[in-house]
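2 protein chains.
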Amino acid sequence: MAPSRKSRVLAAAVQAPARREPAPDEASRLDFDVLNGHLGYFLRRLQVQVFQDFIRTLGSLDIRPAQYSVLILIEANPGRSQAEIGKALNIERAALTKMLHELEDRGWLERHDSIRDARSHALFLSRDGENALARAKALAQEHERRMEALIGSKRREMLMELLREFG
Amino acid sequence: MAPSRKSRVLAAAVQAPARREPAPDEASRLDFDVLNGHLGYFLRRLQVQVFQDFIRTLGSLDIRPAQYSVLILIEANPGRSQAEIGKALNIERAALTKMLHELEDRGWLERHDSIRDARSHALFLSRDGENALARAKALAQEHERRMEALIGSKRREMLMELLREFG
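Sequences listed follow chains F and V, in order. In terms of the working numbering, the first sequence has 152 at position 152, counting the first letter as 1, and numbering is strictly consecutive. Counting the second sequence from 1 gives a position; the working numbering is that position plus 167.
Below you can see the structure in the form of structure tokens.
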């Protein structure tokens, strides 16, 4: 038997607090169709989020993720060439050339003639570059701790392990 | 007792085939220092590899990953606004404006006046856009199968599951 109008109205009133209007966000949630099957889409989505937090966190130093990687590699491997750094980090030649010029303009980078290869320069951090990178490393650690809190330490470890295998 | 010079020379000669000179690649393998502790670095590294394969695979259509995502979302959600598409895909306004103009110039996109919001346009794919996207989807599937073969189907599934959680 169908419930009376009164009982339906009462039921609706009683249920009202439990029912909720979709938030504007949910109401406009879109269909992602075949994107749901693409690893690249999900990789990119989390990567952009992580990079946005990194850029915000290191904003006071104006150091972006790719610059950070380059500074780290030059400090940890002093005297290497642009080609070696670019290959290790999979950065295109033109992009790396531009970035190295910017870092040199900031006084963070020194180029010396290479002993091993007369056609290339050996890259080193200046004292200022080392100091800037020390501050950047401290902020990057802050960023990493926030990512760990967001993602969960165990999940982060699983992700890192899976991602490390494809280098 | 120290081995005689002769026995040392002999031992070296005998061991020689087992010893190997590091390949040029290995000799120049660089120290990644604290990058090894950054999730963002590993996310980016695999993402770049996956995107490079995607771009190569869809090269004949000249459709890049972000364009592909936008086309997919417009097809699956006809009539949505630029703001909605941009928000769903986390694409900055200026970048999306430029991309939509390019897609319009190719004749793949149509903008109609929005019924819901007079200040925005409703986005649709044209017939040509639908045809191009159908070809793109077939190539993207090819790309995805290649990624699965590279990464391993089980590992890919684990990665996707972990990545999906952070949307």
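Don't be surprised by glycine CBs; every beta carbon is placed ideally from N, CA and C.
Tell me, please, which residues DSSP counts as bridged to residue i.
i      : result
F:D113 : F:H121
V:R247 : Per DSSP, none; premise fails for V:R247.
Using CA coordinates, which residue listed in the options is at the minimum distance from residue i?
i      : options                           : result
V:L126 : F:L159, F:A122, F:A140 and F:L162 : One cannot answer for residue 126 of chain V here, as it falls past the ends of chain V, which runs 168 to 334.
V:Q216 : V:K321, V:R278, V:E324 and V:M314 : V:M314
F:E170 : F:L125, F:R44 and F:L46           : With chain F covering only 1 through 167, there is no way to say anything about residue 170 of chain F.
V:R231 : V:A316, V:L330, V:R212 and V:K304 : V:K304
F:R164 : V:L197, V:L213 and V:N257         : V:L213
F:G37  : V:G253, V:D198 and V:I239         : V:I239
V:F221 : V:A255, V:R312 and V:E269         : V:R312
F:T97  : F:T57, F:L123, F:E157 and F:H143  : F:L123
V:A262 : V:A316, V:Q234, V:D284 and V:R278 : V:Q234
F:I91  : V:Q219, V:A316 and V:L317         : V:Q219
Pick helix, strand or coil for residue i, following the three-state DSSP scheme.
i      : result
F:R64  : coil
F:R106 : coil
F:S4   : Annotation note: pLDDT 47 at F:S4 (below 50); position unreliable, no value reported.
V:R312 : helix
F:I72  : helix
V:E297 : helix
F:A13  : Per-residue confidence for F:A13 stands at a pLDDT of 39, beneath the threshold of 50, marking its modelled position as unreliable; the derived number appears in the next sentence. If DSSP states are grouped into helix, strand and coil, F:A13 belongs with the helices.
F:P22  : Any answer about F:P22 is weak, because its pLDDT of 36 lies below 50 and its placement is not dependable; what the coordinates show is given next. Correct three-state label for F:P22: coil.
V:I252 : helix
V:N257 : coil
V:L267 : helix
F:R29  : coil
Contact defined as beta carbons within less than 8 Å: I believe residue i pairs with residue j. What is the distance between those atoms, to the nearest angstrom?
i      : j      : result
V:R286 : V:L228 : Wrong, their Cβ atoms sit about 33 Å apart, outside the cutoff.
F:S69  : F:H121 : With a Cβ gap of about 19 Å, F:S69 and F:H121 do not count as contacting.
F:M160 : V:L206 : 6 Å
V:E242 : V:L300 : 6 Å
F:D128 : F:G152 : With 8 Å as the limit, F:D128 and F:G152 do not qualify as a contact, their Cβ atoms being about 38 Å apart.
V:D198 : F:N131 : Not quite, the Cβ-Cβ distance comes to about 20 Å (not below 8 Å), so this is no contact.
Over the uninterrupted alpha helix (DSSP H) stretch that includes residue i, give me the two end residues.
i      : result
F:G187 : Any question about residue 187 of chain F goes unanswered here, given that chain F covers just 1 to 167.
F:L163 : S153 to R164
Open item on the list: Against chain A, which members of the segment 214 to 232 of chain V pass a CB distance test of less than 8 Å?
Closed with: No chain A is part of this structure, whose protein chains are labelled F and V.
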